[in-house]
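Enquirer: What follows is a structure written as structure tokens; I'll ask about it next.
2 protein chains.
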Amino acid sequence: MKGIRKITPYIPGKQPNFADMIKINTNENAFPPSPKVKEALAHFSTNQLKLYSSLTNESLTTALAEKFQLKPKNFLIGNGSDEVLAFCFLAFFNSDFPVLFPDITYGFYKVWGELFHIPFEEIPLDADFQIDFSDYNRKNGGIILTNPNAPTGDYHTLSEMKDFLKKHSDEIVVVDEAYIDFGGESLAPLVNEFDNLIVVQTFSKAAALAGLRVGYAVGNAELISILNAIKSSFNPYSVDILSEKLATAAVKDEEYYKKINAEICQTREYFTEELAKLGFQTVPSKANFILTTHPERSMKKLFEELTNQHIFVRYFDKPQRLASFLRITIGTREEMEVVLNAIKKLS
Amino acid sequence: MKGIRKITPYIPGKQPNFADMIKINTNENAFPPSPKVKEALAHFSTNQLKLYSSLTNESLTTALAEKFQLKPKNFLIGNGSDEVLAFCFLAFFNSDFPVLFPDITYGFYKVWGELFHIPFEEIPLDADFQIDFSDYNRKNGGIILTNPNAPTGDYHTLSEMKDFLKKHSDEIVVVDEAYIDFGGESLAPLVNEFDNLIVVQTFSKAAALAGLRVGYAVGNAELISILNAIKSSFNPYSVDILSEKLATAAVKDEEYYKKINAEICQTREYFTEELAKLGFQTVPSKANFILTTHPERSMKKLFEELTNQHIFVRYFDKPQRLASFLRITIGTREEMEVVLNAIKKLS
Numbered sequence: 000m001k002g003i004r005k006i007t008p009y010i011p012g013k014q015p016n017f018a019d020m021i022k023i024n025t026n027e028n029a030f031p032p033s034p035k036v037k038e039a040l041a042h043f044s045t046n047q048l049k050l051y052s053s054l055t056n057e058s059l060t061t062a063l064a065e066k067f068q069l070k071p072k073n074f075l076i077g078n079g080s081d082e083v084l085a086f087c088f089l090a091f092f093n094s095d096f097p098v099l100f101p102d103i104t105y106g107f108y109k110v111w112g113e114l115f116h117i118p119f120e121e122i123p124l125d126a127d128f129q130i131d132f133s134d135y136n137r138k139n140g141g142i143i144l145t146n147p148n149a150p151t152g153d154y155h156t157l158s159e160m161k162d163f164l165k166k167h168s169d170e171i172v173v174v175d176e177a178y179i180d181f182g183g184e185s186l187a188p189l190v191n192e193f194d195n196l197i198v199v200q201t202f203s204k205a206a207a208l209a210g211l212r213v214g215y216a217v218g219n220a221e222l223i224s225i226l227n228a229i230k231s232s233f234n235p236y237s238v239d240i241l242s243e244k245l246a247t248a249a250v251k252d253e254e255y256y257k258k259i260n261a262e263i264c265q266t267r268e269y270f271t272e273e274l275a276k277l278g279f280q281t282v283p284s285k286a287n288f289i290l291t292t293h294p295e296r297s298m299k300k301l302f303e304e305l306t307n308q309h310i311f312v313r314y315f316d317k318p319q320r321l322a323s324f325l326r327i328t329i330g331t332r333e334e335m336e337v338v339l340n341a342i343k344k345l346s
Numbered sequence: 000m001k002g003i004r005k006i007t008p009y010i011p012g013k014q015p016n017f018a019d020m021i022k023i024n025t026n027e028n029a030f031p032p033s034p035k036v037k038e039a040l041a042h043f044s045t046n047q048l049k050l051y052s053s054l055t056n057e058s059l060t061t062a063l064a065e066k067f068q069l070k071p072k073n074f075l076i077g078n079g080s081d082e083v084l085a086f087c088f089l090a091f092f093n094s095d096f097p098v099l100f101p102d103i104t105y106g107f108y109k110v111w112g113e114l115f116h117i118p119f120e121e122i123p124l125d126a127d128f129q130i131d132f133s134d135y136n137r138k139n140g141g142i143i144l145t146n147p148n149a150p151t152g153d154y155h156t157l158s159e160m161k162d163f164l165k166k167h168s169d170e171i172v173v174v175d176e177a178y179i180d181f182g183g184e185s186l187a188p189l190v191n192e193f194d195n196l197i198v199v200q201t202f203s204k205a206a207a208l209a210g211l212r213v214g215y216a217v218g219n220a221e222l223i224s225i226l227n228a229i230k231s232s233f234n235p236y237s238v239d240i241l242s243e244k245l246a247t248a249a250v251k252d253e254e255y256y257k258k259i260n261a262e263i264c265q266t267r268e269y270f271t272e273e274l275a276k277l278g279f280q281t282v283p284s285k286a287n288f289i290l291t292t293h294p295e296r297s298m299k300k301l302f303e304e305l306t307n308q309h310i311f312v313r314y315f316d317k318p319q320r321l322a323s324f325l326r327i328t329i330g331t332r333e334e335m336e337v338v339l340n341a342i343k344k345l346s
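Line by line, the protein sequences give chains A and B.
Per numbering that gives the first Met the number 0, the very first residue in the first sequence carries number 0; after that it's consecutive.
Per numbering that gives the first Met the number 0, the very first residue in the second sequence carries number 0; after that it's consecutive.
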């Protein structure tokens, strides 16, 4: 058969399903979503589902506008930040020059580049897994950064990011803030100050709604209108009625989320310190995961041993530099105590 | 700013929202979804939403496999048939020769062609809005047909479609069967007989779940694996947990859907006959809508007058040939009586 595409897809973390498992491999939240989400679901009638979902997602963009002190037209809602990021590639990266991103970052950037035939260049992180901003001073067709970065957890402050945006004022800079609510400060309120900035956020991590598939872009109205044109050229109704309704309920319960995510940050510090006592070396993280290694232990072996005990963490075969590390999502304090005990016993 | 894409998006039908409206403009089902969908929702705990949705959509592919007497590996689930069709363009239409489709068909095919820089050629329908299959005997990079066609409702029988597939055995033929359950017979059970065939169906029309965003492709395992690679390269989790669960419940209530859709077909025949009494000429339809015109009346004017009464039908400015027609979704018998009365009074 002619015309069939050959492609190497993104390989997501596994989604095991055991009653006794500790699932800390795909950076889901340790806690359930807000009780307000449950309440919204209880009031939902399935009869509404016979009609199409919203084209404009007005209820959610209005709630987000209030949260960030912006306007609804500053938001584009999509089916998870993955869809929103894919739209960003289609909308903003149309150039003969390569899109720049770190060699170690969200593995999907490369896949979208390949899928859409967009040239890209991976800029190596330094030896400490840090981004060196000066490496980005070269001809490019746009830049995409994850802040905090994944799977390292490394974070750049607002003032560092602002300097970077100023230096690249003629280039679109997409900042993927999937993990920003675990100790970072978002650039979203600044989208009208920087006309080259698109911020992408998700309900999958801090809002504990990975299974709902809602993400969004924040940007000035002009850039958002271009993203909207791309969405309308691909799948205009990609956010279903239930997802929009439940995500909107979540936005309105900031108090609950501040509480659970502060607890995750505390557990991250506790877990990192306990690992240090066992000789582990961990990249400083502002995300709900850590990247850790041990000078004397095989992380691949530890990964396999933990998997046997239904403790699911993430191991990356490649790139080579990551093969001596584990990425571990921060679960509840109780879960991380179980994990620590398992690691101790396995040594 | 460099690198920004210029694109003309697909313009979907409007989604008005009035308590008193008769919404027959976007081919939604006249009836609510199955009571089994309501039941599935009542048993759902929002705590599940903290985890990612399924990568394989096993519960839904298993239910569909049972329905069509195929295997789960013959199905790819996506976020509405729009997403699935977009994946088909990316997966199967990679050629320097143009993809062929009718000039009057689902308006999105052209938009995906443009979005993905895929060459395409629109083959004119004949004077009676019929597809002439012999027009497709030319060098091509794949073919996509809607059966029944939209917005005409024109339907090709199984044996006509089989002949067509045999004549194009070296080319991928995607058959969009969004409206097949309103009197047509699906090609889906034949996907292992024709290795060039991909059938696309949706839960938005016959299953009365437009707001849920679930669609699927049916094909031989090899073609489906390629679609899966594309999905995994774009947005691997595009079907959320709730959508998969509720769609699966719907598949398991064939009895309910047979009943409501038979009623819609009856109402379609009634409505068409009544329109004929008023001098309207209607393209014979096997879909849940009809395309109709009147030799002496302006359809644009009628569209505007009905809109004023909150009766929402679809009017297409272009192509020119459609500008003297209205596309009217078949609502309940009661709704169509109101519509008929309104049309009578406006004449």
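For every residue, glycine included, the Cβ atom is placed at its ideal position computed from N, Cα and C.
For A/Gln47, which residues in the same chain have their Cβ closer than 8 Å to its Cβ, ignoring the five residues on either side in sequence?
Expert: Indexing the first sequence from 1 puts residue 47 of chain A at position 48. So the list reads Ile240, once near-sequence residues are dropped.
Enquirer: Taking A/Ala62 as the reference, which of A/Asn260, A/Lys258, A/Glu272 and A/Asp252 has the closest Cα?
Expert: Against the first sequence, residue 62 of chain A aligns to sequence position 63. Checking every option, the nearest Cα to that of A/Ala62 belongs to A/Asp252.
Enquirer: Rounded to the nearest angstrom, what separates A/Glu295 and A/Asn148 at their Cα positions?
Expert: The residue you call residue 295 of chain A lines up with position 296 of the first sequence. The residue you call residue 148 of chain A lines up with position 149 of the first sequence. Rounded to the nearest angstrom, the two C-alpha atoms are 26 Å apart.
Enquirer: Could you name the residues of the same chain whose beta carbon sits closer than 7 Å to that of A/Ile143, not counting the 5 residues immediately before and after it, in chain order?
Expert: Position 144 of the first sequence, counted from the first residue, corresponds to residue 143 of chain A. Taken in chain order, the residues that qualify are Val98, Phe100, Tyr108, Val173 and Asp175.
Enquirer: Where in the stretch 253-292 of chain A do unbroken runs of the beta strand (DSSP E), each at least 3 residues long, occur, reported from the N-terminal end onward?
Expert: Correct list: 288-292.
Enquirer: For A/Asn46, go through chain B and note every residue whose CB falls closer than 7 Å to its CB, in chain order.
Expert: On the first sequence, residue 46 of chain A is found 47 positions in, with the first residue counted as 1. What A/Asn46 touches in chain B: Pro31.
Enquirer: According to DSSP, is B/Phe43 part of a helix, a strand, or is it coil?
Expert: As a working mapping, residue 43 of chain B is identified with position 44 in the second sequence. DSSP places B/Phe43 in coil when its eight states are reduced to three.
Enquirer: Assign B/Ala322 to one of three DSSP states: helix, strand, or coil.
Expert: Reading the second sequence from its first residue, position 323 is the one you call residue 322 of chain B. Coil, per DSSP.
Enquirer: On the DSSP bridge list, what partners appear for A/Glu120?
Expert: Counted from its first residue, the first sequence places residue 120 of chain A at position 121. Paired residues: A/Leu99.
Enquirer: B/Phe74 lies in the beta strand (DSSP E); which residues open and close that run?
Expert: Taking the second sequence and counting its residues from 1, one reaches residue 74 of chain B at position 75. Note, B/Phe74: beta strand (DSSP E), Phe74 to Gly77.
Enquirer: Is there a Cβ of chain A sitting closer than 9 Å to that of B/Glu303, yes or no?
Expert: Translated into positions along the second sequence, residue 303 of chain B becomes position 304. No, its Cβ sits nowhere closer than 9 Å to a Cβ of chain A.
Enquirer: I'd like to know if A/Gln129 contacts chain B, where contact means its C-beta is closer than 9 Å to some C-beta of that chain.
Expert: On the first sequence, residue 129 of chain A is found 130 positions in, with the first residue counted as 1. Closer than 9 Å: no.
Enquirer: Exposed or buried, what is A/Ile10 when buried is set at 16 or more other beta-carbons lying within 10 Å of its beta-carbon?
Expert: Residue mapping note: residue 10 of chain A aligns to position 11 of the first sequence, counting from 1. It counts as exposed.
Enquirer: Relative to the C-alpha of A/Val213, which candidate in A/His42, A/Leu305 and A/Leu245 has its C-alpha closest?
Expert: Numbered from 1 along the first sequence, position 214 holds the residue referred to as residue 213 of chain A. Here the closest residue by C-alpha is A/Leu245.
Enquirer: Among B/Asp169, B/Phe128, B/Ser203 and B/Ala209, which one has its Cα closest to the Cα of B/Leu196?
Expert: The sequence position of residue 196 of chain B within the second sequence is 197, counting from 1. Out of B/Asp169, B/Phe128, B/Ser203 and B/Ala209, B/Asp169 has the C-alpha closest to the C-alpha of B/Leu196.
Enquirer: Does any CB atom of chain A fall closer than 9 Å to the CB of B/Asn28?
Expert: As a working note, residue 28 of chain B is residue 29 in the second sequence. Interface residue, yes.
Enquirer: Measuring alpha carbon to alpha carbon, tell me which of A/Lys300, A/Val312, A/Asp19 and A/Ser94 ends up nearest A/Ile327.
Expert: Locating residue 327 of chain A in the first sequence gives position 328, counting from the first residue. Looking at the Cα atoms, A/Val312 is the closest of the given residues.
Enquirer: For the structure I just gave you, are there three or more beta carbon pairs, one from the stretch 213-228 of chain A and one from the stretch 83-94 of chain A, closer than 8 Å?
Expert: Short answer: they touch.
Enquirer: Do you know how far the Cα of A/Asp180 is from the Cα of A/Ala205?
Expert: Looking up residue 205 of chain A in the first sequence gives position 206. Looking up residue 180 of chain A in the first sequence gives position 181. A/Ala205 and A/Asp180: Cα-Cα distance of roughly 6 Å.
Enquirer: What does a CB cutoff of less than 8 Å around A/Trp111 pick up in its chain, not counting 5 residues either side in sequence?
Expert: Indexing the first sequence from 1 puts residue 111 of chain A at position 112. Taken in chain order, the residues that qualify are Leu84, Ala85, Phe88 and Ile117.
Enquirer: Looking at chain A, which residues of the stretch 207-240 of chain B have a Cβ within less than 7 Å of any of its Cβ atoms?
Expert: Within the stretch 207-240 of chain B, the qualifying residues are Ala207, Leu208, Ala209, Gly210, Leu211, Arg212, Ile225, Ala228, Ile229, Ser231, Ser232, Phe233, Asn234, Pro235, Tyr236, Ser237, Asp239 and Ile240.
Enquirer: Does DSSP put B/Leu196 in a helix, a strand or coil?
Expert: Here residue 196 of chain B corresponds to residue number 197 of the second sequence, with the count starting at 1. Note: B/Leu196 maps to strand in three-state DSSP.
Enquirer: Determine whether the beta carbon atoms of B/Ser44 and A/Lys35 lie at a separation below 9 Å.
Expert: Translated into the one-based positions of the second sequence, residue 44 of chain B becomes position 45. Translated into the one-based positions of the first sequence, residue 35 of chain A becomes position 36. Cβ distance not < 9 Å, so B/Ser44 and A/Lys35 don't count as in contact.
Enquirer: Comparing the C-beta of B/Arg267 with each C-beta of chain A, is any distance below 9 Å?
Expert: The residue you call residue 267 of chain B lines up with position 268 of the second sequence. Chain A contact via Cβ: absent.
Enquirer: With a threshold of 9 Å between beta-carbons, can B/Ser58 be considered close to chain A, or not?
Expert: Taking the first residue of the second sequence as 1, we reach residue 58 of chain B at position 59. No, no contact with chain A.
Enquirer: Is it right to say A/Phe119 is buried, meaning 16 or more other beta carbons lie within 10 angstroms of its own, or is it exposed?
Expert: Along the first sequence, one-based indexing puts residue 119 of chain A at 120. It is buried - the Cβ of A/Phe119 has at least 16 other Cβ atoms within 10 Å.
Enquirer: Sorted by chain position, which residues of the same chain lie with C-beta nearer than 7 Å to A/Ser348's C-beta, five sequence neighbours on each side aside?
Expert: Chain A is shown from 0 up to 346; residue 348 of chain A falls before or after that span and cannot be answered.
Enquirer: Would you tell me roughly how many angstroms separate the C-alpha atoms of A/Tyr256 and B/Gly182, rounded to the nearest one?
Expert: In the first sequence, counting from the first residue as 1, residue 256 of chain A sits at position 257. In the second sequence, counting from the first residue as 1, residue 182 of chain B sits at position 183. Each residue's alpha carbon lies about 50 Å from the other.
Enquirer: Taking the alpha-carbon of B/Thr7 as reference, which of A/Glu27, A/Ala90 and A/Lys5 has the nearest alpha-carbon?
Expert: Counted from its first residue, the second sequence places residue 7 of chain B at position 8. It is A/Ala90.
Enquirer: Can you name, in chain order, every residue of its own chain whose Cβ lies under 6 Å from the Cβ of A/Thr151, other than the five neighbours on each side?
Expert: Here residue 151 of chain A refers to the residue found at position 152 of the first sequence. Excluding positions up to five away in sequence, the list reads Phe128, Val282 and Leu290.
Enquirer: Using a Cβ-Cβ cut-off of 7 Å (strictly less than) and excluding sequence neighbours within five positions of A/Phe202, which residues of its own chain qualify?
Expert: Here residue 202 of chain A is taken as the residue at index 203 of the first sequence, counted from 1. Excluding sequence neighbours, A/Phe202 sits near Leu208, Leu211, Val213, Gly214, Ala246 and Ala249.
Enquirer: Have a look at A/Ile225, A/Glu303 and A/Thr331 and flag the residue whose alpha-carbon is nearest the alpha-carbon of A/Phe92.
Expert: Indexing the first sequence from 1 puts residue 92 of chain A at position 93. Nearest of A/Ile225, A/Glu303 and A/Thr331 to A/Phe92, Cα basis: A/Ile225.
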